[in-house]
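The letter at position 44 of the sequence shown is residue 44 when you use this note's numbering, and the numbering goes up by one with no holes. Worksheet for the structure shown next.
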Amino acid sequence: MIEHYSFGSLTFKGQNYNKDLIIIKTKDGEKIFSSWWRKEGHRLQVEDLEEVWNEKIKFLIIGTGAKGLMQVDPEVERKAKELGIIVESFDTQKATNRFNELYSQGVELAGAFHLTC
C-alpha cells in the first residue's frame, strides 16, 4: 500500500520514490516503474502507459499531480475501455487514497502517479 504522499514524494511498501511512477498489482505480483516519463510532461497519452496495457487489470488510477495539472488525453480512456479497464483520475492525493482502497480489496489495478504540479 501507499503509506505516504506529499508534493514530489510517494512511499510504497516502505520504499520512497521522488519521481513519477507506475505501480501495477495483478495476481502474478507487483511491478513498479519508477522515473516514469511522458511524451509531454503534463499531458498523459496512450503511449505513455505501454507498461499498463498488457497487464490484466480492472482499474487504472491516475494521479494528475498535487494541483491536478496533468491532463488525460481522451484516447487514454478510449484505449482503456477497449481493454475493459475502468479509468479514474484525481489529484494525486485523492488518487493514492483510491488506489489504497482498491489495493486493500485485492483488486487488480495500476496506478500512474504524477508527483509534482
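Every residue, glycine too, gets a C-beta built ideally from N, C-alpha and C.
- Around the beta carbon of M70, 16 or more other beta carbons lie within 10 angstroms, which makes this residue buried.
- In this structure, I61 lies away from F33, with their beta-carbon atoms at least 8 Å apart.
- Bridge partners of H4 according to DSSP: T11.
- Between L10 and T96, the alpha-carbon positions lie close to 9 Å from each other.
- Residue state for A80 is assigned as helix, using DSSP reduced to three classes.
- According to the DSSP assignment, K94 belongs to the alpha helix (DSSP H) that extends over T92 to S104.
- L115 carries a coil assignment under DSSP once its states are collapsed to helix, strand and coil.
- Residues I22 and I62 of the same chain have their beta carbon placed closer than 6 Å to that of A112, with the five preceding and five following residues left out of the count.
- With respect to the 8 Å criterion, W53 and K79 are classified as neighbours on the basis of their beta carbons.
- Beyond the five residues adjoining it in sequence on each side, E75 comes within less than 8 Å, by CB distance, of Q45 and V46 in the same chain, given in chain order.
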